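Residue numbers for the sequence shown follow our numbering, beginning at 11 and rising by one.
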Amino acid sequence: MEDQTLAQVGHNLNEAMRILDSPSPTYREEEEPAPERRRSRSSIPGPLQGDGQDVSTILQLVHSLIHEEEEDSTGPLGQQVGEQGHMALLGHSLAAYMSILPRDRLRSITTRVLSDCTLWLCRLFRYENASAYFHEDDRDGLVRVCRLVLNARYEEYPTEGYGALSSKQPVIYLSAACRPGLGQHLCSQLGLPLSSLCTVPCNTMFGSQHQMDVALLDKLVREDAELGKLPLLLIANAGTPAAGHTDKLSRLRALCEQYDMWLHVEGVNLATLALGSSSSSSSSALMAATRSDSVTLTPGRWLGLPAVCAVTLYRHEDPALSLSAGLMSSGPLEKLRALPLWLSLQYLGHSGIVQRIQQAVALSQQLLQDLKPLSCIRTSVEDELSSPVVLFRFSPDYSSESSSCPAEREVLDTFNRWLGQELSRLAPSCGLDLVELEDEGVCVRFSPLLTAAVLGTQPEDVQLMVDKLTELLPLLSSTMALREDFREQAQRHSPTLRYLEERGWAGLGAVRYEPQTEGLDKERRSQQEAHINCELLQRLQELDPDISFCSGPEGEETQAACVFVGLVSDDVDVAQLLDTVAALGRDIDNSGRLLENMSEVVRKGIQEAELQLQKASEDKLLEEGALRQLPIVGSVLNWFSPVQSSVKGRSFSLAAGSLDSTETTYSTHAQSETTSAQDAPTSAAKRLPGQKMFRRSGQGSDSVSETSSMGQAEELTPPDPSQTQGEATLTSADQQGEQGDR
């Protein structure tokens, strides 16, 4: 008999996912104007509706909250939920539905779910005869395991608590390559002092730089045992969070048996245990994880399952201690958290799970093989035959010797940081991210085990990313090679141009034009510098659009206005570029000074004109007399006895900065023609179509260079007067001949 409620749960989930997955706004929102739609999407809380709302209205509200910032974002909004993701979401709905079942029926269901999941995971990852603890926080399983070990090693701990630890202080050992904050979280949850933590350094002389130093660990454990401390637990990595390297688990297991310590293993490389013993991806070092005391698995992240719990598999014979440590959930509702994983594992099946993990490893191998021919790319992997995590960074050949220099390394880190961000933007389906390692510096990480199932990464996406990387490498190499030349050429123009040491800028460099003016205060000088550099930046952007000129890194504020030059190709003439920057800066500076001088001249000319007008008015009064100034009397006197005024007009010359008489202007009527003929500016040399600025002649097109030089020579050579007269005579004769023909 079909359960109507269960069928309705599945129907409601499908309808909700259909509405929430819709990327386009609803018809109601399309009819609204943009300002109203933005106000309706605001997250300002409002009063609760008195009559309530239907399911469709509530889902539309949730849809608007999810897609509120989708229009402004450039990348994907989030994880694309596939069929296996729908099964996981259905599991959460079913868990809520099953919570209302009778207690006996619920107990039998949860027992079946936990038993199936434990059996499947143990066989899938070859961790036989183990119990399982399902938890939301992936660190919670390790916390419960530590409590189990405390209960097992301290018999009075269940009754005495922390007082039982006073006789022998427990010590937890973990690698320096563990995820940050893990040890502090353990101590805060267990009530242990931070002195109970012992961070073991990684190898520095032999082997991987990200593996725990086993010899040093042996020494630390022996010293702690001699001091009366109790070596309690060791946390090892099967794939460090940053580099994806695996510790020497076989030697660590032997060391734990020697000192009676608990061995816990975690890491992304544990997923490759599902590939089988015949696979090359399962090395002997990783196989030793199956003999550890406990492991933490995150199948939700490996298989792209949303909101699926993590699992800690452990081996212990006393169920009472496991129950007291919280590793065995007593409540039926707590056991239902494994239901989404139970449904998802059944939907994928054993073959589907292995295929997904194998595909992720194949993507890593594909990227590693494609990066090998690139000379400027350095890869960092643990094992080229089986590593599921690939790290790479840009490192020019000539910088290998000076990479130990802090300044050189900081610049390389900046370039690699820019490279990772640019590749993430150009190939978002690859799921690239940045990691900063102590020895290598900033690296770009590709870990498809954590991203491929979510983003749906395919071999075509990896190939696209490699193609984009191949296009960016010449720009990075040429810019890196020209940075020193840019610094030297900028210092050659000192003090007009000031070179700025910007190691956080992934480009050619930064300069600031500084006007050589005296007598200005600090605030006025800074305003003048800002104005000149802002206008200089605008002119440079118009000269060559192929070169990026900006005011600084995006999202960062610089202390003063300056010009940042971005990535350039190898044919850029740095000397010509900086000569142009200095010349444009001087031109803008001189233009500003001319305007300031002109304003001062105009001000003085106006004052002088006012004085002359006042003097002319007084002279007119003395010459004509007071009676002629009266309105009616003056008109009668001027009619009987006209008077020729001696007051002359004045004109102000901006070029000379003086007041001149207008008598010559009205007598000749030729000032406008003379001025236009004298002040006509000479046309500057213009670039020909296709010609680029700041390019060396040896690198560019020969025809374009020759044409450009010939055009400039013709413009700069003055014409011969005899040739000009002959050409004019010939033109006149031709015109007469044409008129005769007509």
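Idealized CB from N, CA, C, for every residue including glycine. Since this is a predicted model, take the numbers as computed values, not measurements.
| request: Sort Ile598, Leu116, Leu377 by Cα distance to Thr344 and report the nearest one. | output: The sequence as given places Glu at residue 344; Thr does not occur at that position. Per the Cα distances, Leu116.
| query | Grouping DSSP H, G and I as helix and E and B as strand, with all else coil, what is Asn139? | reply | Residue state, collapsed to three classes: coil.
| Residues of its chain near Asn24, where Cβ-Cβ distance is below 7 Å and the 5 sequence neighbours each way are ignored | Apart from the 5 residues on each side of it in sequence, Asn24 has no Cβ closer than 7 Å to any other Cβ in its chain.
| request: Look at the alpha carbon of Gly277 and the alpha carbon of Asp147, and state the distance between them as a whole number of angstroms. | output: Cα atoms of Gly277 and Asp147: separation of roughly 15 Å, rounded to the nearest angstrom.
| request: My understanding is that Asp228 touches Leu273, with C-beta atoms under 8 Å, so please give their C-beta distance in whole angstroms. | output: About 14 Å separates the two Cβ atoms, so there is no contact after all.
| task | Using beta-carbon positions only, say whether Glu420 and Leu482 come within less than 8 Å of one another. | result | The answer is no: Cβ separation not under 8 Å.
| task | State the Cα-Cα distance for the pair Asn247 and Phe425, rounded to the nearest angstrom. | result | About 30 Å.
| field | C-alpha distance - Thr467 paired with Arg366, whole-angstrom precision | value | If you take the alpha carbons of Thr467 and Arg366, they lie about 11 Å apart.
| How about the region 535 to 545 and the region 478 to 498: do they share at least three Cβ pairs that are nearer than 8 Å? | The region 535 to 545 makes no contact with the region 478 to 498; the number of CB pairs closer than 8 Å stays below 3.
| field | Contact check, Tyr269 vs Ala295, beta carbons under 8 Å | value | No, they are not a contact pair.
| query | Taking Asp393 as the reference, which of Val371, Leu384, Phe404, Leu240 has the closest Cα? | reply | Asp393 has its Cα closest to that of Val371, out of Val371, Leu384, Phe404, Leu240.
| In angstroms, rounded to a whole number, what distance separates the CA positions of Gly101 and Val72? | Looking at the two C-alpha atoms, the distance is approximately 20 Å.
| request: Using alpha carbons as the reference points, say which of Arg325, Pro251, Phe402 lies closest to Gly451. | output: Of all alpha-carbon atoms in Arg325, Pro251, Phe402, the one lying nearest the alpha-carbon of Gly451 is that of Phe402.
| query | According to the Cβ coordinates, are Thr209 and Ala225 closer than 8 Å? | reply | A distance of 8 Å or more separates the beta carbons of Thr209 and Ala225.
| task | Just grab the DSSP bridge partners of His274 for me. | result | Beta-bridge pairing links His274 to Ile245, Ser304.
| query | Below 8 Å between beta carbons: does that hold for Ala520 and Ala540? | reply | Taking 8 Å as the Cβ cut-off, Ala520 and Ala540 do not qualify as a contacting pair.
| Is the beta carbon of Val591 less than 8 Å from the beta carbon of Leu492? | Against a cut-off of 8 Å, the Cβ pair of Leu492 and Val591 comes out as no contact.
| Alpha-carbon spacing of Ala106 relative to Ser558, whole angstroms | Between the alpha carbons of Ala106 and Ser558 lies a gap of roughly 56 Å.
| task | Tell whether a beta-carbon distance below 8 Å holds between Leu442 and Arg427. | result | Cβ distance not < 8 Å, so Leu442 and Arg427 don't count as in contact.
| task | Identify whether Phe144 lies in helix, strand or coil by the three-state DSSP scheme. | result | In the structure shown, Phe144 sits in a strand (DSSP, three-state: E or B).
| request: Please state whether DSSP places Pro180 in a helix, a strand or coil. | output: Pro180 falls in the strand class under three-state DSSP.
| request: Could you please give the first and the last residue of the uninterrupted alpha helix (DSSP H) stretch that includes Arg163? | output: DSSP places Arg163 inside the alpha helix (DSSP H), whose first and last residues are 150 to 163.
| Three-way DSSP call (helix, strand, coil) for Gln59 in this model | Three-state result, Gln59: coil.
| request: Could you tell me which residues DSSP pairs with Tyr523 in its beta bridges? | output: DSSP output for Tyr523 lists Leu507 as bridge partner(s).
| query | So is the beta-carbon of Cys197 under 7 Å away from any non-hydrogen atom of the ligand FMN? | reply | In the structure shown, the ligand FMN is absent, as is every other ligand, since no ligand is present at all.
| query | Between Ala437, Leu447, Gly336, which lies nearest to Ser390 when the distance is taken from Cα to Cα? | reply | The shortest Cα separation from Ser390 among Ala437, Leu447, Gly336 belongs to Leu447.
| field | Of the residues Leu196, Ala335, Leu479, the one placed nearest Cys386, counting alpha carbons only | value | Closest option to Cys386, Cα to Cα, is Leu479.
| request: On a CA-only basis, which of Ile598, Leu337, Glu545, Tyr509 is nearest Ser141? Give me that one, please. | output: It is Leu337 whose Cα lies nearest to the Cα of Ser141.
| task | Express the C-alpha separation of Gln368 and Leu285 in angstroms, rounding to a whole number. | result | When rounded, the distance between both Cα atoms is 7 Å.
| Every unbroken alpha helix (DSSP H) within the region 318 to 365, with a cutoff of 4 residues, ordered by chain | Counting whole runs of 4 or more residues, the region 318 to 365 contains the alpha helix (DSSP H) stretches 329 to 334, 342 to 345.
| message | Quick check on the burial criterion: 16 or more other C-beta atoms within 10 angstroms. Buried or exposed for Gln499? | response | The residue in question, Gln499, is buried, as its Cβ has 16 or more Cβ neighbours within 10 Å.
| message | Closest to Val155 by C-alpha separation, out of Gly238, Gln526, Tyr324, would be which residue? | response | Nearest in C-alpha terms to Val155, of all of Gly238, Gln526, Tyr324, is Tyr324.
| task | Report, in whole angstroms, the separation of the C-beta atoms of Leu134 and Ile363, which I expect to be a contact under 8 Å. | result | Between the beta-carbon of Leu134 and that of Ile363 there is about 7 Å, and that keeps the pair under the 8 Å contact cut.
| Leu381 and Leu313 look like a contact to me (Cβ under 8 Å); what is the Cβ gap, rounded to whole Å? | Between Leu381 and Leu313 the beta-carbon gap is near 27 Å, outside 8 Å, which marks them as no contact.
| query | Residue ranges of each beta strand (DSSP E) run of no fewer than 3 residues wholly in the region 204 to 244, ordered along the chain? | reply | For the region 204 to 244, the full-length beta strand (DSSP E) segments reaching 3 residues or more read 207 to 210 along the chain.
| task | Mind reading off the beta-carbon distance from Pro309 to Val321? Whole number of angstroms is fine, and I expect it under 8 Å. | result | Going by Cβ atoms, the distance from Pro309 to Val321 rounds to 7 Å, so yes, they are a contact pair.
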